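These notes are about the structure you will find just below.
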Amino acid sequence: MSRAAVWKQINSLRALGISIEARHARGYRLLETPDLLFSADVLKGVNSRIIPRSLELLPATDSTNLQLRKKAEAGAEEGTVLVADEQLAGKGRLGRPWTSPSGVNLYCSLLLRPQIPVQQAPQFTFLSAVAVVDTLKSLCTITAEVKWPNDILVGGAKIAGLLNEMSAETEQVNYIVLGIGVNLNMTAEQFPDELNYPATSALLETGRQVPRGHFLRELLQRLDFYYCEFLEQGFAPIRQHWEQLCPIINRRVQVNGELTGTVVGLEVDGALRLQLDSGRFERVIAGDVRMVN
Ligand code: BTN
Numbered sequence: 025m026s027r028a029a030v031w032k033q034i035n036s037l038r039a040l041g042i043s044i045e046a047r048h049a050r051g052y053r054l055l056e057t058p059d060l061l062f063s064a065d066v067l068k069g070v071n072s073r074i075i076p077r078s079l080e081l082l083p084a085t086d087s088t089n090l091q092l093r094k095k096a097e098a099g100a101e102e103g104t105v106l107v108a109d110e111q112l113a114g115k116g117r118l119g120r121p122w123t124s125p126s127g128v129n130l131y132c133s134l135l136l137r138p139q140i141p142v143q144q145a146p147q148f149t150f151l152s153a154v155a156v157v158d159t160l161k162s163l164c165t166i167t168a169e170v171k172w173p174n175d176i177l178v179g180g181a182k183i184a185g186l187l188n189e190m191s192a193e194t195e196q197v198n199y200i201v202l203g204i205g206v207n208l209n210m211t212a213e214q215f216p217d218e219l220n221y222p223a224t225s226a227l228l229e230t231g232r233q234v235p236r237g238h239f240l241r242e243l244l245q246r247l248d249f250y251y252c253e254f255l256e257q258g259f260a261p262i263r264q265h266w267e268q269l270c271p272i273i274n275r276r277v278q279v280n281g282e283l284t285g286t287v288v289g290l291e292v293d294g295a296l297r298l299q300l301d302s303g304r305f306e307r308v309i310a311g312d313v314r315m316v317n
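For the sequence shown, position 46 (counting from the first letter as 1) is numbered 70 according to the numbering used here, and the numbering increases by one without interruption.
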């Protein structure tokens with residue numbers, strides 16, 4: 025290979041953010057490799073049935089959920105996964121932004137086309153919650169818990185968020201886009217000052233960097249496992265698993281500072297089943313749920 029050809033390749037590597045030192049008459053030296061995401065790395069050794077059928081990694085996009093919804097409308101197949109290194113308009117729940125700096129976290133969206141009635145669509149938020157909690161445990165030795173309906177917390181601070189978006193025709197689901205954001209290697213300075221809840225990352229919890237490609241591979245395998253389990257056995261196994269991860273089951277809670285009672289479980293549409301102090305059962309479909317004594 026000519027010097028010019030080597031130089032050209034070195035420049036392409038530098039453009040990816042890899043730092044390489046050049047020394048006159050000696051050659052090049054690799055100084056530092058950033059945590060880059062390559063689909064071949066992620067897919068290495070993956071043994072799954074549906075997720076991922078295809079995996080696309082984007083350097084930057086507005087929002088992986090937004091882009092995947094466009095692909096879904098254009099007919100993309102179930103199991104399509106879209107991941108971005110950086111999101112310029114990451115979406116959180118309730119129209120909030122999701123902070124998505126480049127090179128540090130996981131921003132991932134997954135397309136599913138289950139043949140289910142609309143009311144069951146929220147079940148997929150619980151499916152992604154158990155997959156994220158399992159992956160944090162096995163890969164980062166972090167014990168996270170789920171705050172209903174879809175926050176993943178460590179010691180009360182949010183480490184991951186889930187945004188489940190759906191399109192439906194008549195009463196049937198057309199497609200579901202599951203958006204998953206996990207704070208992996210974000211430093212304290214990278215969280216915005218205006219964040220009005222405590223937040224954390226795997227790095228802040230353990231002091232160790234998490235290779236994003238490895239985390240993504242493990243997460244996709246778990247999502248595949250739970251989705252196949254769902255197709256074969258329905259929601260019951262996921263609900264059971266989720267209830268073990270959510271510390272409010274069998275605890276006394278207050279909803280929106282008003283209703284007080286004991287949470288006895290989750291309903292098929294993801295609503296909380298609450299037994300009020302009067303003995304009456306109440307469904308809670310949204311709201312701020314806090315534990316009380
Ligand atoms: C929340 O508010 O808790 C939900 C956050 C969801 C963030 C993820 S990151 C990947 C996907 N793309 C988005 O724009 N949002 C979701």
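C-beta: ideal position from N, C-alpha, C; glycine also. If you're wondering where the values come from, they're calculated on a predicted model, not measured in any experiment.
- Here E195 is exposed. Its C-beta has fewer than 16 other C-beta atoms within 10 Å.
- Under a 10 Å Cβ-count criterion, A145 is classified as buried, with 16 or more other Cβ atoms of the shown protein chains found around its own Cβ.
- DSSP places Q299 in the strand class (E or B) of the three-state scheme.
- Under the three-state reduction of DSSP output, A49 falls in the coil class, being neither helix nor strand.
- Taking 8 angstroms as the cut-off, the beta carbon of V170 is found closer than this to the beta carbon of L269.
- At a threshold of 7 angstroms, Q111 counts as near the ligand BTN, since its beta carbon sits closer than that to one of the ligand's heavy atoms.
- In this structure, the straight-line span from the alpha carbon of K68 to that of E242 is close to 11 angstroms.
- Minimum Cα-Cα distance from G311 among the listed residues L61, V156, E102 and N174 corresponds to N174.
- According to DSSP, E110 shares a beta bridge with A84.
- Between V105 and L130, the C-beta gap is not smaller than 8 angstroms, which leaves the two residues out of contact.
- Per DSSP, the continuous beta strand (DSSP E) segment holding N188 begins and ends at A181 to E193.
- In the DSSP assignment, Q278 falls outside any alpha helix (DSSP H) and lies within the beta strand (DSSP E) extending over R276 to V279.
- In this structure, E193 is the residue among A29, R120 and E193 with its C-alpha nearest to the C-alpha of E97.
- By the C-beta criterion, the region 84 to 99 is judged not to be in contact with the region 47 to 57, since fewer than 3 inter-stretch pairs fall below 8 angstroms.
- For S87, the distance from the CB to the nearest heavy atom of the ligand BTN is below 7 angstroms.
- In this structure, S302 has its CB at a distance of at least 7 angstroms from all heavy atoms of the ligand BTN.
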